[in-house]
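**Student:** Our numbering applies: residue 177 is where the sequence shown begins, and numbers increase by one. Here a beta-carbon is modelled for each residue, glycine too, at the ideal position from N, C-alpha and C. Being a predicted model, the structure only gives us computed values, none of them experimental. Take this structure, written in structure tokens, and hold onto it; I'll ask about it next.
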Amino acid sequence: MADIQSMAHAIRFLALDAIRSAGEGHQGVPLGMAEIAATLCANHLKVNPDDPLWPDRDRLVLSNGHGSMLLYALLHLSGYDRISVEALKSFRKLHSVCAGHPEIEQDAGIEITSGLLGQGIACAVGMAVAEQRLQARFGPDLVDHRTWAFVGDGCLQEGMGQEAISLAGHLQLGKLTFLWDDNQITDDGATALSISEDIPARFRAANWQVIEVDGHDIVAIDRALTQTQADPRPTLVACRTVIARGIPRLQGQRGGHSAPLTDQDSVKMREALDWPHAPFVIPNAIYTDWSVSMRRGRNAYSAWLVRKSTHVDKYAFDTWHADPQMDPWPSLPTPTDPTPTIQSSADVCNELSRSLPNTMVLCADLEAPTNHKRSRAAFTADDRSGSYVHCGVREHLMSAMACGIAAHGGLHVIAVTYLAFSDYQRAAMRMAALMGLPVLFVFSHDSIGVGSNGPTHQPVETLASFRVMPNMRVFRPADAVETTEAWQIALENRTGPSLFALSRQPAAQVRQDTDTNRSRTGAYVLRDASATRKITLIATGTEVGLAAEAQARLEADGVPTAVVSLPCWDLFETLSDASQADILGTAPRIAVEAALSFGWTRWLRPGDAFIGMDGFGASATADVLYDHFGITVQRIVETAHSLAE
């Protein structure tokens with residue numbers, strides 16, 4: 177039988193030695209949660225370090241990511257090749273797999289990038305949803321695993337933490353377990369400085385099973401982890417721990433969080449825990465205990481391979497876990513009347529529910545105005561086969577869940593809400609970009625044209641803020657054709673997320689041709705000039721329709737004018753300078769967008785013009801606001817005449 181206490185001490189001392197080697201780090205979590213992690217790995221976690229990407233592995237998320245050495249130490253001890261002793265010695269160094277906070281490296285056992293506190297547990301909720309959806313499709317012979325998350329006080333204090341608790345309890349995600357490091361200390365000091373509520377009562381109220389244990393009592397921890405697997409509800413194991421346990425100077429103190437460690441701390445901890453071994457040296461007997469503990473997962477893996485080899489759905493299972501295969505792309509009728517691009521997006525999403533059945537739509541309480549559910553059934557506590565999750569008014573959780581679903585694999589995830597609410601989602605969207613996850617963020621109500629809700633719901637600055645985000649493709653399509661093209665491009669992109677800024681107001685159908693996906697270049701000449709260009713109009717979204725109207729008037733006035741549609745800056749920037757110049761031309765340029773001008777200098781030169789917003793919006797209907805702020809055909813024509821003279 178494994179000596180779990182020694183396994184835990186191995187975590188402690190590897191963490192201590194790595195932090196000492198780096199000269200910085202957060203020792204509180206790995207020293208305080210060592211028994212929890214060792215017990216989980218010894219008796220419960222189902223993984224195979226020889227195949228870290230095994231689809232039916234348990235998912236382990238370190239939400240309190242500052243305690244990253246807890247994860248790195250247990251991965252090394254478990255036998256993940258990429259987390260070698262040399263990797264531990266490179267902790268927090270440039271290019272190390274052992275970064276300051278965990279950064280997604282699934283072939284090394286690191287399931288997600290932890291990110292800001294709260295992100296991890298919300299991603300874990302998404303992973304648990306993905307497991308249940310896939311099990312409903314393929315059955316427990318192919319999909320039957322659990323999601324575990326190490327959780328700190330900060331994760332539960334962040335607002336999205338409550339969002340995660342609430343929805344997970346509502347959906348009855350019984351294979352989800354949070355292991356809470358209840359040490360009553362945060363960076364500022366005792367948690368009593370800022371919180372006095374009964375945290376386990378929060379979970380009970382949200383319909384979770386709650387088990388409270390001594391986080392250093394291995395027998396009690398083991399019993400609790402066994403109990404989690406017999407309850408249909410998600411489980412919180414509240415583990416009362418001592419932060420930085422083992423360092424006499426720091427344990428139980430505020431400094432236990434991340435105070436610099438000294439040589440004397442190392443000596444005293446080794447004396448206190450009777451650990452005579454040199455830095456980074458682990459006795460072979462302890463390595464053997466860890467290796468034996470991994471047999472459970474390796475045996476489960478071997479049995480799974482046998483079941484899969486004869487399973488009736490083995491090819492479908494592989495297809496669901498592969499990149500989307502849609503050749504040819506589904507054909508949709510192109511409307512002739514002005515149609516909101518959010519409606520066109522819903523048309524595509526509905527078609528994909530048949531041609532790409534492993535799509536999963538998350539929506540934040542906006543089913544009716546976004547219309548991305550249609551023929552989809554809801555994923556509920558009673559029906560796991562649904563492909564639409566009612567996330568409630570929980571935008572931040574929704575986006576982080578989408579990251580978890582994408583990181584889990586097997587599903588193509590779409591998150592839908594209004595663009596103004598992206599400010600709630602920004603941290604999770606940034607994590608999707610940083611992790612390179614192919615999440616599709618679909619937003620309606622893209623501009624001032626959202627009706628009379630007023631400036632609070634008119635995201636005039638939002639496009640610029642996401643266009644500057646690395647690895648986030650931002651699309652603002654002009655009409656139904658461009659919207660369909662954007663969907664195709666986004667689903668083909670497996671190395672990062674895409675954002676759709678779609679209109680509530682009707683968009684003129686400026687395209688009827690569908691033979692070639694013209695949006696792939698990011699920008700293209702929609703309407704060319706009748707002769708040598710005198711003016712180039714550049715527009716995005718519904719403003720492309722205004723530009724096309726203005727071009728007709730300018731051509732009639734004898735001003736040869738081209739219209740360039742620019743649905744995706746990010747793609748256009750990948751073209752050569754010569755290709756960009758060929759599309760934009762040398763004539764004076766007028767950019768038209770119902771948003772702020774920030775960033776447009778990338779495409780405009782001195783003397784060119786911008787027609788759009790220079791401040792917040794107002795409360796009125798779309799037609800009134802476009803006229804009020806001067807985003808009109810008449811103003812485009814007048815500006816063009818002044819530049820063409």
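Comparing C-alpha positions only, which one of V618, Q360, P228 sits nearest to H548?
**Tutor:** Here residue 548 corresponds to residue number 372 of the sequence shown, with the count starting at 1. The candidate whose alpha carbon is nearest that of H548 is V618.
**Student:** How about Q282 and R560: do their beta carbons lie closer than 7 Å?
**Tutor:** Position 106 of the sequence shown, counted from the start, is the residue given in the question as residue 282. Position 384 of the sequence shown, counted from the start, is the residue given in the question as residue 560. Cβ distance not < 7 Å, so Q282 and R560 don't count as in contact.
**Student:** Given 6 Å as the limit, tell me if G330 has its C-beta closer than that to any heavy atom belonging to the ligand FAD.
**Tutor:** Ligands are entirely absent from the displayed structure, and the ligand FAD is therefore not among its contents.
**Student:** Would you please state the rounded distance, in angstroms, between the beta carbons of T815 and A771? I believe it to be under 8 Å.
**Tutor:** If you number the sequence shown from 1, residue 815 lands on position 639. If you number the sequence shown from 1, residue 771 lands on position 595. No, T815 and A771 are not in contact; Cβ-Cβ is about 17 Å, not under 8 Å.
**Student:** For the beta strand (DSSP E) holding S620, just list the boundary residues, first then last.
**Tutor:** For the purposes of this step, residue 620 is taken as residue 444 along the sequence shown, with counting starting at 1. Looking at the DSSP string, the run of the beta strand (DSSP E) that includes S620 is 616-620.
**Student:** Under 7 Å between the Cβ atoms of A656 and T510?
**Tutor:** Indexing the sequence shown from 1 puts residue 656 at position 480. Indexing the sequence shown from 1 puts residue 510 at position 334. Yes, the pair counts as a contact, with Cβ atoms nearer than the cut-off.
**Student:** Since A683 and A654 should fall inside the 8 Å C-beta cutoff, what is the C-beta to C-beta distance between them, to a whole number of angstroms?
**Tutor:** For the purposes of this step, residue 683 is taken as residue 507 along the sequence shown, with counting starting at 1. For the purposes of this step, residue 654 is taken as residue 478 along the sequence shown, with counting starting at 1. That pair is a contact at about 6 Å.
**Student:** I need the straight-line Cα distance from D450 to W356, nearest angstrom please.
**Tutor:** Your numbering for residue 450 matches position 274 in the sequence shown. Your numbering for residue 356 matches position 180 in the sequence shown. Cα to Cα, D450 sits roughly 27 Å from W356.
**Student:** Mind checking who M536 pairs with in its DSSP beta bridge?
**Tutor:** Taking the sequence shown and counting its residues from 1, the one referred to as residue 536 is at position 360. According to DSSP, which records beta bridges pairwise, M536 is partnered with V589.
**Student:** Report the option in G698, E821, V800 whose CA atom is closest to the CA atom of P736.
**Tutor:** As a first step, residue 736 must be located in the sequence shown, where it is residue number 560. With distances taken between Cα atoms, P736 lies closest to E821.
**Student:** Rounded to the nearest angstrom, what separates L332 and T697 at their Cα positions?
**Tutor:** In the sequence shown, the residue the question calls residue 332 occupies position 156. In the sequence shown, the residue the question calls residue 697 occupies position 521. Spanning the two alpha carbons is a distance of roughly 44 Å.
**Student:** Run through DSSP, which three-state label would E637 get?
**Tutor:** On the sequence shown, residue 637 is found 461 positions in, with the first residue counted as 1. E637: coil per DSSP, three-state reduction.
**Student:** Between which two residues does the alpha helix (DSSP H) harbouring I714 extend?
**Tutor:** Looking up residue 714 in the sequence shown gives position 538. Note, I714: premise wrong, no alpha helix (DSSP H); beta strand (DSSP E) at 711-715.
**Student:** Looking at C-beta atoms only, is the number of pairs between the region 528-546 and the region 555-575 that lie closer than 8 Å three or more?
**Tutor:** Flag = yes, the region 528-546 and the region 555-575 touch.
**Student:** Using the rule of at least 16 other Cβ atoms within 10 Å of the residue's Cβ for burial, across every protein chain shown, is N460 buried or exposed?
**Tutor:** As a position in the sequence shown, residue 460 is number 284, starting the count at 1. By the neighbour-count rule (16 or more Cβ atoms within 10 Å), N460 is not buried but exposed.
**Student:** Hey, quick one: how far does the beta strand (DSSP E) through H566 stretch, first residue to last?
**Tutor:** To locate residue 566, count along the sequence shown from 1; it is residue 390. Its beta strand (DSSP E) spans residues 564-566.
**Student:** In this structure, does DSSP put L528 in helix, strand or coil?
**Tutor:** Working through the sequence shown from its first residue, we reach residue 528 at position 352. In the structure shown, L528 sits in a helix (DSSP, three-state: H, G or I).
**Student:** Excluding the five sequence neighbours on either side, which residues of its own chain have a C-beta within less than 7 Å of the C-beta of P206, listed in chain order?
**Tutor:** Counting from one through the sequence shown, the residue named residue 206 turns up at place 30. Result list for P206: I187, R188, A191, G243, M245, L246, A249, in chain order.
**Student:** Closer than 6 Å by C-beta to G131: which residues in its own chain qualify, once you throw out the five before and the five after it? Chain order, please.
**Tutor:** This structure cannot speak to residue 131, because the chain is shown only from 177 to 821.
**Student:** Runs of 3 residues minimum, wholly inside the region 204-271: which ones carry the beta strand (DSSP E) assignment?
**Tutor:** Segments of the beta strand (DSSP E) lying fully in the region 204-271: 235-238.
**Student:** Taking the continuous alpha helix (DSSP H) assigned at T546, which residues delimit it?
**Tutor:** The residue given as residue 546 occupies position 370 in the sequence shown. It spans 543-546 - the alpha helix (DSSP H) in which T546 sits, taken as one unbroken run.
**Student:** Starting from A728 and walking both ways along the alpha helix (DSSP H), at which residues does that stretch end?
**Tutor:** As a working mapping, residue 728 is identified with position 552 in the sequence shown. It spans 719-732 - the alpha helix (DSSP H) in which A728 sits, taken as one unbroken run.
**Student:** Leaving out five residues before and five after D363 in sequence, what residues of the same chain have Cβ atoms less than 6 Å from its Cβ?
**Tutor:** Residue 363 sits at position 187 when you count from the first residue of the sequence shown. Counting only Cβ-Cβ distances below 6 Å, and skipping sequence neighbours, we find H433.
**Student:** So, L678 versus T797, is the Cβ gap smaller than 7 Å?
**Tutor:** Here residue 678 is taken as the residue at index 502 of the sequence shown, counted from 1. Here residue 797 is taken as the residue at index 621 of the sequence shown, counted from 1. Contact flag unset, no.
**Student:** Would you mind giving the Cβ-Cβ distance between L760 and W779, rounded to the nearest angstrom? I have them listed as a contact below 8 Å.
**Tutor:** Translated into positions along the sequence shown, residue 760 becomes position 584. Translated into positions along the sequence shown, residue 779 becomes position 603. Sure, about 7 Å apart at Cβ, within 8 Å.
**Student:** Are N224 and Y463 touching if we call contact CB-CB under 7 Å?
**Tutor:** The residue you call residue 224 lines up with position 48 of the sequence shown. The residue you call residue 463 lines up with position 287 of the sequence shown. The answer is no: Cβ separation not under 7 Å.
**Student:** In three-state DSSP terms, what is Q601?
**Tutor:** Walking along the sequence shown from the start, residue 601 turns up at place 425. Note: Q601 maps to helix in three-state DSSP.
**Student:** Which residues bound the alpha helix (DSSP H) around D753?
**Tutor:** The residue you call residue 753 lines up with position 577 of the sequence shown. Counting along the chain, the alpha helix (DSSP H) containing D753 begins and ends at 753-760.
**Student:** Using the beta-carbon count (16 or more within 10 Å), is A715 buried or exposed?
**Tutor:** As a working mapping, residue 715 is identified with position 539 in the sequence shown. So A715 ends up on the buried side.
**Student:** Of all the options A757, A728, V720, I180, which has the alpha carbon lying nearest to the alpha carbon of D393?
**Tutor:** In the sequence shown, residue 393 corresponds to position 217, counting from 1. It is I180 whose Cα lies nearest to the Cα of D393.
**Student:** Between V443 and G568, what straight-line distance do the alpha-carbon atoms span, to the nearest angstrom?
**Tutor:** Here the question's residue 443 lines up with position 267 in the sequence shown. Here the question's residue 568 lines up with position 392 in the sequence shown. Going by the C-alpha atoms only, they are around 52 Å apart.
**Student:** Which residue wins for smallest C-alpha separation from Y564, given the options P533, G585, V389, H584?
**Tutor:** Here residue 564 corresponds to residue number 388 of the sequence shown, with the count starting at 1. If we check each option's Cα against that of Y564, P533 comes out closest.
**Student:** Any idea which residues DSSP pairs C415 with across the strands?
**Tutor:** The residue given as residue 415 occupies position 239 in the sequence shown. Answer is D357, V389, bridged to C415.
**Student:** How close, in whole Å, do the beta carbons of A298 and M336 come, if the pair is a contact with beta carbons under 8 Å?
**Tutor:** For the purposes of this step, residue 298 is identified with residue 122 of the sequence shown, where counting begins at 1. For the purposes of this step, residue 336 is identified with residue 160 of the sequence shown, where counting begins at 1. Indeed they touch by this definition, with Cβ atoms about 5 Å apart.
**Student:** Could you give the first and the last residue of the continuous beta strand (DSSP E) run that contains R703?
**Tutor:** Along the sequence shown, one-based indexing puts residue 703 at 527. 700-703 is the span of the beta strand (DSSP E), which, as asked, contains R703.
**Student:** When DSSP builds the beta bridges, which residues end up paired with F555?
**Tutor:** Working through the sequence shown from its first residue, we reach residue 555 at position 379. Bridge partners of F555: none, in fact.
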